[in-house]
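Colleague: Under the UniProt record's numbering, residues 1 to 99 are what the sequence shown spells out, in order. Beta carbons are placed, not taken as given, at the ideal position from N, Cα and C, and that holds for glycine. Here's a structure for you.
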Amino acid sequence: MSVLKSVILNGWLKVAVLKNGDLSLSDLKSDKESGLMVGSVIAIYSNELNLFSDVVDLIVKRAIYRKKITTTDELIKFMAEQFTYCACELKKLNRKGGK
């Protein structure tokens, strides 16, 4: 898998543009032995909207699991912040053709 550009979201999700124009979503984890960040691919997307939806969903679920979100009001605020943050980061990938 040849990567042209990538961004890291919230320190644990990596989105990369592949050579064929598709988008790769990876989960980043620290290797206990080497200390290096290692990514495992979650999914490959040809549609940016599906990727965007899944990224925000994963970030929100993780925040709920870690109890960073405990009320509906916090959820609404957090989702709005994450939509804006993710949209700005994904624009940095500057894919040609906007698949």
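Under three-state DSSP, which class holds S24?
Modeller: It is a strand residue.
Colleague: So what does DSSP say about I69, is it helix, strand or coil?
Modeller: Correct three-state label for I69: coil.
Colleague: Taking the alpha-carbon positions, what's the K5 to K91 distance?
Modeller: Cα-Cα distance, rounded: 11 Å.
Colleague: By the 10 Å Cβ neighbour count, where 16 or more other Cβ atoms means buried, how is A43 classified, buried or exposed?
Modeller: Exposed, because fewer than 16 other Cβ atoms sit within 10 Å of the Cβ of A43.
Colleague: Out of E33, K77, S24, G39, state which residue places its alpha-carbon closest to the alpha-carbon of N50.
Modeller: With distances taken between Cα atoms, N50 lies closest to S24.
Colleague: Using a threshold of 9 Å, state whether the C-beta atoms of Y85 and L9 are closer than that.
Modeller: Taking 9 Å as the Cβ cut-off, Y85 and L9 qualify as a contacting pair.
Colleague: Can you give me the Cβ contacts of S2 inside the same chain, cut-off strictly under 6 Å, excluding the 5 residues immediately before and after it?
Modeller: So the qualifying residues of the chain are K19.
Colleague: So, with DSSP's three-state summary, where would you put L36?
Modeller: Three-state DSSP puts L36 in coil, outside helix and strand.
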